[in-house]
Amino acid sequence: MPAPDISDSEWSVMEALWERAPQTASEVTRTLKPTMKWAENTVRTLLTRLVEKGALKTDANTSGTRTYLPAVKREACVRAESDSFLQRVFQGAAKPLLIHFAQNSKLTPEEVKELKKLLDQSLDR
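In structure tokens form, the structure reads like this:
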């Protein structure tokens with residue numbers, strides 16, 4: 001199954017659950033409260049949407065409390081978002097993307113070395 005298309009707000013909820021799962025809606029709200037200031041109803045709406053999209057699954061314990069946990073891996077969603085960005089902004093061409101980031105990012109010497117190594121490995125494939 002391909003990774004679902006998730007909004008920025010939904011991404012915040014997913015990050016909380018990728019970090020620690022399962023969680024109840026109340027726990028997710030507490031996790032996000034310091035940065036998002038969302039009411040629990042907002043979080044519940046986002047959780048429901050994510051379940052409908054197949055990004056989350058639910059589990060109810062014996063007391064009837066519903067918990068949420070990711071149904072997709074973070075890496076799959078990152079890959080899908082990256083592919084979407086590459087298509088939208090760079091018409092699917094990796095070279096202009098790499099040139100843009102190389103020219104406009106403040107890369108450390110270690111990061112440059114790591115990128116060179118990755119590019120060299122891609123030539124070997």
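Numbers 1 to 125, taken from UniProt numbering, label the letters of the sequence shown in order. Glycine residues also receive a C-beta, built at the ideal position from the N, C-alpha and C atoms.
| Query | Result |
| --- | --- |
| Could you give the first and the last residue of the continuous beta strand (DSSP E) run that contains T58? | 56-60 |
| Rounded to the nearest angstrom, how far is the Cβ of T29 from that of V51, given a contact under 8 Å? | Not really, about 16 Å apart at Cβ, beyond 8 Å. |
| I need the boundaries of the alpha helix (DSSP H) containing T67, first residue and last residue. | Careful: T67 lies outside any alpha helix (DSSP H), inside the beta strand (DSSP E) at 66-70. |
| With which residues is Q23 paired in a DSSP beta bridge? | Y68 |
| Assuming P22 and T67 are in contact, meaning their beta carbons sit under 8 Å apart, how far apart are those beta carbons, in whole angstroms? | 4 Å |
| Alpha carbon to alpha carbon, what distance is there between S26 and residue 126? | Residue 126 is absent from the model: the chain starts at 1 and stops at 125. |
| So what's R125 in DSSP terms, helix, strand or just coil? | coil |
| Reducing DSSP to helix, strand and coil, say where W38 ends up. | coil |
| Name the residue from G64, P34, A71, T35 whose alpha carbon lies nearest to the alpha carbon of A47. | Checking the displayed sequence, the identity of residue 47 turns out to be Leu instead of Ala. Of the listed residues, the one whose Cα sits closest to L47 is A71. |
| Tell whether a beta-carbon distance below 8 Å holds between L32 and S7. | no |
| May I have the straight-line CA-CA distance separating S82 from A16, to the nearest angstrom? | 20 Å |
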